[in-house]
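Numbered as in this note's numbering, the sequence shown ends at 510 without a single skipped number.
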Amino acid sequence: MGKIEKIGLLVIFGISILLCGCNKNTNEIASFEISKHLTESIDENIMVDAEVIFPENIQSEVDVLEIEPKKLNAQEIVDKLYPDAVLLNEEKGIYKNGDSYINISNGNYFYDDKEQQIYSRFFTNQEELLFPRSTNLETLNMDEALENAKQYLALIGIENIELDEYYVLSKQFLEEKYIKAQEDENWEKDVEAGREVFKEDWKDEKGAYIFVFSVIEHDLPIVRGMYVTKDNEYIEGTSNTICCSEDGIAFVEAIKNYNVKSLSGKKKIAGMNVILKGLEQKFSNLIIEEPLIVNEIRLAYQAQKQKDSLYLVPVWEVEYMQQIEGTSEKGTIYFDVENGKEIVMY
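Right, dumping it as structure tokens:
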């Protein structure tokens, strides 16, 4: 979930229904009162202590949107960013720029600078990158790098974005992770296969930033996570990741960007009580021995497939943390905004 420039709102009316059973709703909009936090005890070891996030101009109903993969003009993009690139496969949208490859197709854009592959290869386990986090690298200002990342994505045709997460790949972190990776018995095979990059001299290493963006559609962020349907089909959310170093853009992964085709319908927001009831139902039959804390609740769009079409459907995205054997484990649950039923990720 996004960590920067968020506006938190809480539907107090929904809580009042849960706690006192009274309904004094006078009109559709009057049921929404501004607040920034929800605190509630679900069980002995289950606590809600969460920021609640949705737009300032939220209405009682939210649009359901039919979507299709974003049409990216591959040749136009390459001409602007890498004019010397050579087309290798027009059908698959594959270009070669020096020793680096660009792939543009079906709403996706991938670029990996071969001279800076150390960053993309190291960016394999995000949990390890969360701490420690510094604000700036010594030789590269984060705000300037962030602006460069946004400008690059705009040239691809990806706008209306919000910074969701960022990572700092410092020289110290990279070198430590590299040494640890060498301990793996498959290290040499991974280097030969290109899954890891051999780097002998770290003297001139400056580090890099990795920025992860959500796309905003109709004032709501699109869920970035992927899930598998009961028909064993992968449905991916929209996610745009870009790495900036002192030497420029190191890699880009722009995944499943969409265009809106039409308004398909609306979903009514029932209130925050549906989330609390949904959490109760989710964990009622489970033995929770380690403390579990819901720390963020966000109204968002989720890409869902219905028959042969794709839609952006509003959902409550609920993030929680749990301490298991001394390690913090993060999880996410999705609830229907109308009835609070969990949207199961197979």
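We put the CB at the ideal spot given by N, CA and C, even for glycine.
Original post:
In whole angstroms, what is the alpha-carbon distance linking Y283 and A249?
Top reply: Counting from 1 along the sequence shown, the entry for residue 283 is found at position 119. Counting from 1 along the sequence shown, the entry for residue 249 is found at position 85. Each residue's alpha carbon lies about 22 Å from the other.
**OP:** To the nearest angstrom, report how far apart E326 and L252 are at their CA atoms.
**Re:** Position 162 of the sequence shown, counted from the first residue, corresponds to residue 326. Position 88 of the sequence shown, counted from the first residue, corresponds to residue 252. Whole-angstrom Cα-Cα distance: 33 Å.
Original post:
What first and last residue would you give for the alpha helix (DSSP H) that runs through N437?
Top reply: In the sequence shown, counting from the first residue as 1, residue 437 sits at position 273. That run of the alpha helix (DSSP H) goes 437-447.
Original post:
In the structure shown, what three-state DSSP assignment does Y331 receive?
Top reply: To locate residue 331, count along the sequence shown from 1; it is residue 167. Looking at Y331 - three-state DSSP - the assignment turns out to be strand.
Original post:
So what does V250 bridge to, in DSSP terms?
Top reply: On the sequence shown, residue 250 is found 86 positions in, with the first residue counted as 1. According to DSSP, V250 bridges with K260.
**OP:** Measure the beta-carbon distance from R463 to W480 and round it to whole angstroms, keeping in mind my assumption that it falls under 8 Å.
**Re:** For the purposes of this step, residue 463 is taken as the residue at position 299 of the sequence shown. For the purposes of this step, residue 480 is taken as the residue at position 316 of the sequence shown. First, the amino acid is wrong: residue 463 is Leu here, not Arg. With 8 Å as the limit, L463 and W480 qualify as a contact, their Cβ atoms being about 6 Å apart.
Original post:
Looking at the structure shown, is R462 part of a helix, part of a strand, or coil, going by DSSP?
Top reply: Position 298 of the sequence shown holds residue 462. Three-state DSSP puts R462 in a strand.
Subject >> Own chain partners of N305 with C-beta closer than 6 Å, once the 5 adjacent residues on each side are dropped >> reply: Here residue 305 is taken as the residue at index 141 of the sequence shown, counted from 1. Nothing listed; no residue qualifies.
**OP:** Figure out for me which residue from W351, E381, A414, F499 has the closest Cα to the Cα of S426.
**Re:** In the sequence shown, counting from the first residue as 1, residue 426 sits at position 262. The option with the nearest alpha carbon to S426 is E381.
Original post:
For the region 464-501, which segments carrying the beta strand (DSSP E) assignment without a break, of at least 3 residues, lie completely within its bounds, in sequence order?
Top reply: Assignment of beta strand (DSSP E) within the region 464-501, counting only whole runs of 3 or more residues, yields 473-488, 491-500 in chain order.
**OP:** List the endpoints of the continuous alpha helix (DSSP H) containing N312.
**Re:** Position 148 of the sequence shown, counted from the start, is the residue given in the question as residue 312. Note, N312: alpha helix (DSSP H), 306-320.
Original post:
Looking only at DSSP bridge pairs, what is G429 linked to?
Top reply: The residue given as residue 429 occupies position 265 in the sequence shown. Partner(s): V228.
Subject >> Closest Cα partner of S403 within the set K469, E444, V416 >> reply: Here residue 403 corresponds to residue number 239 of the sequence shown, with the count starting at 1. It is V416.
**OP:** Look at the Cβ atom of K441, then the Cβ atom of G504, and state whether they are nearer than 8 Å.
**Re:** The residue labelled residue 441 in the question sits at position 277 within the sequence shown. The residue labelled residue 504 in the question sits at position 340 within the sequence shown. The answer is yes: Cβ separation under 8 Å.
**OP:** Report, in whole angstroms, the separation of the C-beta atoms of S409 and A372, which I expect to be a contact under 8 Å.
**Re:** Here residue 409 refers to the residue found at position 245 when the sequence shown is read from its first residue. Here residue 372 refers to the residue found at position 208 when the sequence shown is read from its first residue. The pair is a contact, with the Cβ atoms about 4 Å apart (cut-off 8 Å).
**OP:** Please name the residue or residues paired with I210 in a DSSP beta bridge.
**Re:** What you label residue 210 is simply residue 46 of the sequence shown in a count that begins at 1. Paired residues: D207, L456.
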